[in-house]
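**Student:** Counting in my numbering, the sequence shown runs without a single skipped number right up to 251 at its last residue.
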Amino acid sequence: MRRERLGVIPLNGFWSFKRDPEGVGSEEGFHEGFEAEYQLAVPASWNEQVPELMNYMGVAWYARRFTAPKAFEGLKAWLVFEGVNYKAEVWLNGRYLGAHEGGFTSFRLEAPVECDSENLLVVKVDNTLTPRSVPPGRGLHGFEGPYFDFFHYGGIHRPVRVEFTGPSWVEELAVIAHADGRLEARVRIGG
61 MRRERLGVIP
71 LNGFWSFKRD
81 PEGVGSEEGF
91 HEGFEAEYQL
101 AVPASWNEQV
111 PELMNYMGVA
121 WYARRFTAPK
131 AFEGLKAWLV
141 FEGVNYKAEV
151 WLNGRYLGAH
161 EGGFTSFRLE
171 APVECDSENL
181 LVVKVDNTLT
191 PRSVPPGRGL
201 HGFEGPYFDF
211 FHYGGIHRPV
221 RVEFTGPSWV
231 EELAVIAHAD
241 GRLEARVRIG
251 G
């Protein structure tokens, strides 16, 4: 069960995008903004939107600006990502919020959204194949190179949103039916 949402801002649409094949974006301050190479749709992989990105593997950056209404002031804000392939690091207004690894699992981060003013959300995405993350395959003689039987896409490929909640919420609710006819409820409260 999801927490009670008092407000939602969908962040799907066009985002600024820039490749970072040398991995210098962190040192160059991309988390505070950057000059876009492309405007790409989210949710979607970068590989399917621009022909020259079709086989790109590595680091890339996304950025999007949004404004939260003043009516949401005082509520807890959460950035919710339903899928980023493969590793993600997230900044809001230049402040590091956290990271996630796993292209097919959702994640959320508490976010200090500034209501009634513009917010800058920046996401660093890395879909590099490594023996320790998405394994590229092992031959008879160990790791021989990127051989795999799937298309290895990258990007923010599922929806993104900001959710606003009160100071506490139902984090998880489970009802368990036992063989003897008893029902057991388990509730986890967040906040």
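Yeah, the Cβ is synthetic: ideal placement off N, Cα and C, and Gly gets one too.
Only a predicted model underlies this, so the values are computations on that prediction, with no experimental measurement involved.
1) Given this structure, state the Cα-to-Cα distance separating ARG125 from VAL230, to the nearest angstrom.
2) Excluding sequence positions up to five away, which residues of its chain have a Cβ less than 6 angstroms from the Cβ of GLU161?
3) What does the Cβ neighbour count give for VAL84, buried or exposed, with the cut at 16 atoms within 10 Å?
4) Using a threshold of 8 angstroms, state whether the C-beta atoms of LEU189 and HIS212 are closer than that.
5) How should GLU149 be labelled, buried or exposed, when 16 other C-beta atoms within 10 angstroms of its C-beta is the threshold for buried?
6) Could you check if THR165 is buried or exposed, using at least 16 other CB atoms within 10 Å of its CB as the buried criterion?
7) Please check the pair VAL173 and TYR122, which I expect to be a contact at CB under 8 angstroms, by giving their CB distance rounded to whole angstroms.
8) Rounding to the nearest angstrom, what Cα-Cα distance links ARG63 and ALA159 in this structure?
9) To which residues does DSSP link ARG246 through a beta bridge?
10) Sort PHE74, ASN179, GLY163 by Cα distance to PRO129 and report the nearest one.
11) Helix, strand or coil: how does DSSP classify PHE132 here?
12) Taking its Cβ as the centre, do 16 or more other Cβ atoms sit within 10 Å of MET61, making it buried, or is it exposed?
13) Exposed or buried, LEU233, counting other C-beta atoms within 10 Å across all chains shown (16 or more means buried)?
14) ILE69 by DSSP, collapsed to three states: which one?
15) By Cβ distance below 6 angstroms, which residues in the same chain neighbour VAL247 in space, the five residues on each side in sequence not counted?
16) Mapping the DSSP letters down to three states, classify GLU178 as helix, strand or coil.
17) Short of 6 angstroms in beta carbon distance, which residues of its chain neighbour TYR156, apart from the five on each side in sequence? Order them along the chain.
**Tutor:** This is what the structure gives:
1) 29 angstroms
2) LYS147
3) exposed
4) yes
5) buried
6) exposed
7) Contact flag wrong, Cβ pair sits at about 17 angstroms.
8) Confidence is the limiting factor: at ARG63 the pLDDT is only 49, short of 50, which leaves the residue's position unreliable and the question unanswerable from this model.
9) ALA234
10) ASN179
11) helix
12) For MET61, the pLDDT reaches just 39, beneath the cut-off of 50, and the residue's location in the model is therefore unreliable, leaving the point undetermined.
13) exposed
14) strand
15) LEU233
16) strand
17) none
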